[in-house]
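Peer 1:
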Ligand code: NDP
Ligand code: GDR
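In my numbering, the protein residues as written are 60 to 431.
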């Protein structure tokens, strides 16, 4: 039985990866942070009572800022594979806590690599590092001849998050070359799902669209509607992570869909799922989105109602305007084939958020009637 250790197991990707590895017969260990409220909602369905026989899922308290703790967990677990997904992953928030991000996302990666060396596990343990398309920074002149970012495109990070992650990228590559370790970077472009954190733009949009359609919210406030992202489904992307660690030679790979979409068009796609057409008028901070048509009798909003506005508080001091990745290497070498397209992703996120908002609405009404 192969043994895997996942940092960031309570996050979006950690939860899907844990499911995938359990399906493949792994013993899965995860690092979770101590928090004052529960932070395991995404993996509660995987929980196992440690008193039962044949346990293959176990959580350990830990933090990437604490090397002693990382060393101890790796010593206890003796993993065949480590997936370092733990990070402060919000680009905008990284401008507010730059030192913390450097410590967790940058030095945290070094702590994992060093722990493996200190414990003499270089020959046994394979390491996956969660690198990111934020490394490219969206500079137009750095795209390849196909107009895409690939494994050879230069980096130019545009946030404390990107700068911390570039350290993680290079230290992983350096340990591979210096100590002959099996350590790889997956340079993953944006990937989303119904489990995406609620403050990332796609989930913020699908949750608000559901709430507006169900009469629970009036208007959705967003930042830069002109940003373009290459969005895939997290389920497909964790499959790529696993494949990266199954190759004969350790290498770095870009994981992307190869198509890019404006934030504004993601809004249109989400509203289209509830039969509402959105028309945008104005430019920049003055741009607003209005209901142009409603074709679903279940979700009737007033035509001309304003449902989208721009709020500059969501702008970033430096922005990555456009990202689009070249998945040629991952498709040919890893045999990676994504199962979802953007339409399928939006459909799944909207179905899930409609159910979620509906359930919250019913609970709110039940609580009110109980009070009366
Ligand atoms: P999430 O924000 O959903 O999850 C991040 C995870 O890291 C959570 O489990 C979180 O714990 C944990 N974490 C945060 N701080 C620490 C810390 N100090 N010590 C240990 N664990 C910590 O991110 P995703 O699942 O979306 O992303 C996974 C990884 O992939 C991240 O490294 C991210 O930067 C990277 N990435 C993500 C992309 C995407 O589009 N999703 C694209 C490219 C890279 P808690 O639940 O307690 O907060
Ligand atoms: P990103 O994702 O910064 O690409 O990082 P996010 O969804 O936060 O932003 C995508 C784009 O949308 C614009 N935007 C908004 N973003 C947020 N969060 N909220 C808004 O209201 C809003 N309005 C417009 C942003 O300016 C940006 O251009 C994600 C994270 O998962 C990283 O950890 C990962 O490394 C990268 O993807 C690849």
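All C-beta atoms in this analysis are idealised placements derived from N, C-alpha and C, irrespective of residue type, glycine included.
Could you tell me the boundaries of the alpha helix (DSSP H) in which residue 89 lies?
Peer 2: First-last for residue 89: 86-91, but that is the beta strand (DSSP E), not the alpha helix (DSSP H).
Peer 1: For residue 256, is the beta carbon positioned less than 7 Å from some heavy atom of the ligand NDP?
Peer 2: Within the cutoff, so yes.
Peer 1: Counting Cβ pairs closer than 8 Å, one from the stretch 170-188 and one from the stretch 129-142, do we hit at least three?
Peer 2: Touching, yes, given that three or more Cβ pairs across the two stretches are closer than 8 Å.
Peer 1: Tell me the DSSP secondary structure of residue 333 in three-state form.
Peer 2: Reduced to three states, the DSSP call for residue 333 is coil.
Peer 1: Can you have a look at residue 402 and say buried or exposed, based on whether 16 or more other CB atoms are within 10 angstroms of its CB?
Peer 2: It is exposed - the Cβ of residue 402 has fewer than 16 other Cβ atoms within 10 Å.
Peer 1: Within a Cβ cutoff of 6 Å, which residues of the same chain sit near residue 234, ignoring the five residues on either side of it in sequence?
Peer 2: 172, 240, 242.
Peer 1: Going by the beta-carbon positions, is the gap between residue 290 and residue 265 smaller than 8 Å?
Peer 2: It is not a contact, given that the beta carbons lie outside the stated cut-off.
Peer 1: Under the assumption that residue 87 contacts residue 77 (Cβ atoms under 8 Å), give the Cβ distance between them as a whole number of angstroms.
Peer 2: Contact holds; Cβ gap of about 5 Å.
Peer 1: Taking just the CA atoms, how far does residue 425 sit from residue 385?
Peer 2: Computed Cα separation, rounded: 50 Å.
Peer 1: Indicate, with yes or no, if the ligand GDR has a heavy atom lying under 7 Å from the CB of residue 281.
Peer 2: Yes; taking the cut-off as 7 Å, the Cβ of residue 281 has a heavy atom of the ligand GDR nearer than that.
Peer 1: For the ligand NDP, is there any heavy atom lying closer than 7 Å to the beta carbon of residue 249?
Peer 2: Checking every heavy atom of the ligand NDP against the Cβ of residue 249, one is found closer than 7 Å.
Peer 1: Using DSSP with H/G/I as helix, E/B as strand and the rest coil, what is residue 352?
Peer 2: Correct three-state label for residue 352: strand.
Peer 1: Once you ignore the five residues that flank residue 80 on each side, which residues in its own chain have a CB closer than 6 Å to its CB?
Peer 2: Around residue 80: 63, 87.
Peer 1: According to the Cβ coordinates, are residue 358 and residue 333 closer than 8 Å?
Peer 2: Cβ atoms of residue 358 and residue 333: closer than 8 Å.
Peer 1: State the start and end residues of the unbroken beta strand (DSSP E) segment that holds residue 156.
Peer 2: No beta strand (DSSP E) holds residue 156; DSSP gives it neither H nor E.
Peer 1: So for residue 95, helix, strand or coil by DSSP?
Peer 2: Residue state, collapsed to three classes: coil.
Peer 1: Do residue 373 and the ligand GDR come close, with the Cβ less than 7 Å from some heavy atom?
Peer 2: The answer is yes for residue 373.
Peer 1: How many angstroms separate the CA atom of residue 377 from the CA atom of residue 150?
Peer 2: Approximately 10 Å, taken between the alpha carbons.
Peer 1: Which residues bound the beta strand (DSSP E) around residue 66?
Peer 2: That run of the beta strand (DSSP E) goes 62-66.
Peer 1: How many angstroms separate the CA atom of residue 363 from the CA atom of residue 278?
Peer 2: In a straight line, the C-alpha of residue 363 is about 13 Å away from that of residue 278.
Peer 1: Which residue or residues does DSSP assign as beta-bridge partners of residue 381?
Peer 2: Answer by DSSP bridge pairing, in chain order: 287.
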